[in-house]
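Data block below; observations after.
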Amino acid sequence: MIDLKIAIVSDTHLGYSRFEEDAFNQANKAFTMAASMADAILIPGDVFDFRFPKPEIIAQAIKIMRPLIEKDWDTKIESFNGSTPIYTNLPILAIPGTHERTAVGKENPLNLLSLAGIVADISEGTVILNKNGEKVAIYGLGGISEDRIKEKLKELDPKPVPDMFNIFVFHQSVYEFLPFSSDFLKLDDLPNGFDLYIDGHIHNRIESTAHGKQFLIPGSTVLTQLKESEQESKGFILYDTQSKTYEFIKIDSRPFIMKTIKFTEADSNSIYTKCEHTLVNLIEKYMDNKNSDSYLKPIIRIVLEGTIEIGTTTSNLNVRSLAIRYKDDAIIDIDSKLESKELQSSINNIREGKLDNMSIRDAGTEMLKEALNKLNFDKNINVNELFEMLDTSISKTTKKQEVTESVIKLFDQDETNIDTKNFETEKANLEVDSNKNKLNIDENSDIVNSEKEDNNDDAEEDKSSKKYRGQIHL
Ligand SMILES: [Mn+2]
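In terms of our numbering, the sequence shown opens at residue 7 and continues consecutively.
Take a look at the structure:
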């Protein structure tokens, strides 16, 4: 009988800096615990948050992983048949994720760890682990552009090894959990015949089945998206190949609480008061723990929904000052989705075609201009060009209503969300809206950063992966 326990630690996103040193600390906790409990460690992608991490971040990865290679592992890699060699026989296996992906022929940061013999990059091949004569086979496929994945699977045609426990590990969106593009793999598209399917990429924990076998996603070890589903504890999966069962091992991670408050024609005072009240209550819940060693200042996200009274504009709300006022007690993110009645009625006019003498385009441009003025937006911005840009991004599915809704979205942003460097993110927002997606957009999506970091000669496939990454920080 095979008795080999595998720890699956995914999406550590080293270098993701929004919440202090969480990415580093939580990855460190996960790997330390994993090494003490498992016979092998499997990393389904996104060790790093960037494809070109700074040396400091690469150093973080080495600091975390060096103790792993110093452990005396019973399990060894017996063979690997991928196209690139591996440089260790220790059972610390990884595939690159979408955040690490570079053009063909270029090194990615996971390659560096692999070249240094710290992990074995098991992309596009089968690795065989041997623990005292008992064997497990794992086929690895690193994250690639979503529009190429089905073709890639056809080309590689991964096959299980007879008479072994077989794992297929990959790093992609899966349509059943992210129903946003027909490019995404469906569970049925996965290669048949494996005993266990493991995916990275999606940051919350998922347990399902593919071809009647277990399909597991451990989720990330660090919070990156501030989505409702990320309120659960972070951690990793410890899988037992003998009993074919697993447990989720929690790590100490920063608490995240998300709360939605609904308003109807509210004034700015009552919005502020209600918001502060909610915030103080949530903070108090975490105060008891403040003197313990494991205390971590919580992340609190408050979403404001509904309408504000006539005469108040969304830019007049000062709720954001709360984030500064209570910064010692929590990391606060206030997301206002409040709409003004006035705006709604003008939108309704457009919807009902009441603006007879104006084209939708002109009306939209006018509204955009007005909104930007209110926000004291940089006067040098060419509003027509901006509108054009936003319009083009949804032109594939152009319908009057969608154009209108895009403008509402933009209107609805407050000054901290609209600035010149966020236009790319706005565009991504609109793309999602036009697809009628329900997913929240990560406002701190790395799309802007990665544009900056990109080399011009990056492969096309990188560009298309960004299309999806702009929607969600995976
Ligand atoms: Mn990820």
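The beta carbon of each residue, even a glycine, is placed where N, CA and C say it ideally should be.
- Approximately 16 Å separates the beta-carbon atoms of glycine 149 and proline 197; this is outside 8 Å, ruling out the contact.
- The three-state secondary structure of methionine 264, taken from DSSP, is strand.
- Taking the C-beta atoms as reference points, isoleucine 243 is found no nearer than 8 Å to isoleucine 64.
- Non-local beta-carbon contacts of leucine 48 in its own chain, meaning distances under 8 Å to residues more than five positions away in sequence, involve Ile12, Ala13, Ile14, Val15, Leu99, Ala100, Ile144, Ile173, Val175 and Ile204 in chain order.
- Ligand 1 never approaches glycine 21 closely enough for any of its heavy atoms to be under 7 Å from the residue's Cβ.
- Sorting Ile387, Leu392, Glu345 and Lys347 by C-alpha distance to the C-alpha of arginine 367 places Leu392 at the top.
- Under the 10 Å beta carbon count, lysine 233 is surrounded by 16 or more other beta carbons and is classified as buried.
- In this structure, ligand 1 has no non-hydrogen atom nearer than 7 Å to the beta-carbon of serine 179.
- Isoleucine 83 places its beta carbon less than 8 Å from that of proline 97.
- If you ignore the 5 residues before and after threonine 371, its C-beta comes within less than 7 Å of the C-beta of Val389, Asn390 and Phe393, all in its own chain and listed in chain order.
- Contact between the segment 179-188 and the segment 110-125 is absent, with fewer than three C-beta pairs closer than 8 Å.
- The three-state secondary structure of leucine 374, taken from DSSP, is helix.
- Counting only the Cα atoms, glutamine 231 lies some 11 Å from methionine 264.
- Cysteine 281 and threonine 104 have their C-alpha atoms some 37 Å from each other.
- Take the alpha-carbon of alanine 33 and the one of asparagine 386: they are about 44 Å apart.
- Rounded to whole angstroms, leucine 302 and asparagine 117 show a C-alpha spacing of 33 Å.
- Using a cutoff of 7 Å, the CB of glycine 241 does not count as near ligand 1, since none of the ligand's heavy atoms is closer than that.
- Here methionine 373 is buried, its C-beta having at least 16 other C-beta atoms within 10 Å.
- In this structure, the beta-carbon distance from lysine 141 to methionine 170 falls below 8 Å.
- Residues of the same chain with a CB within less than 6 Å of the CB of threonine 227, apart from the 5 flanking positions on each side, are Thr18, Gln32, Ala33, Ala36 and Lys240 in chain order.
- Short of 6 Å from the beta carbon of lysine 165, and not among the five residues preceding or following it, lies no beta carbon of its own chain.
- Taking 8 Å as the cut-off, the beta carbon of leucine 310 is found closer than this to the beta carbon of isoleucine 277.
- If you check the CB distance, leucine 10 and leucine 135 come in under 8 Å.
- Taking 7 Å as the cut-off, one finds no heavy atom of ligand 1 near enough to the beta carbon of aspartate 28.
- A residue is called buried once 16 or more other Cβ atoms fall within 10 Å of its Cβ, and glycine 131 is buried on that count.
- Between phenylalanine 25 and isoleucine 337, the beta carbon gap of about 6 Å places them in contact (Cβ cut-off 8 Å).
- Only residues of its own chain outside the window of five on either side were considered, and among them Val309 and Glu311 have a CB closer than 7 Å to the CB of threonine 266, listed in chain order.
- Threonine 313 is a Cβ neighbour of phenylalanine 269, given a cutoff of 8 Å.
- Taking a C-beta distance under 8 Å as the contact criterion, glutamate 238 and leucine 229 do not qualify as a contact pair.
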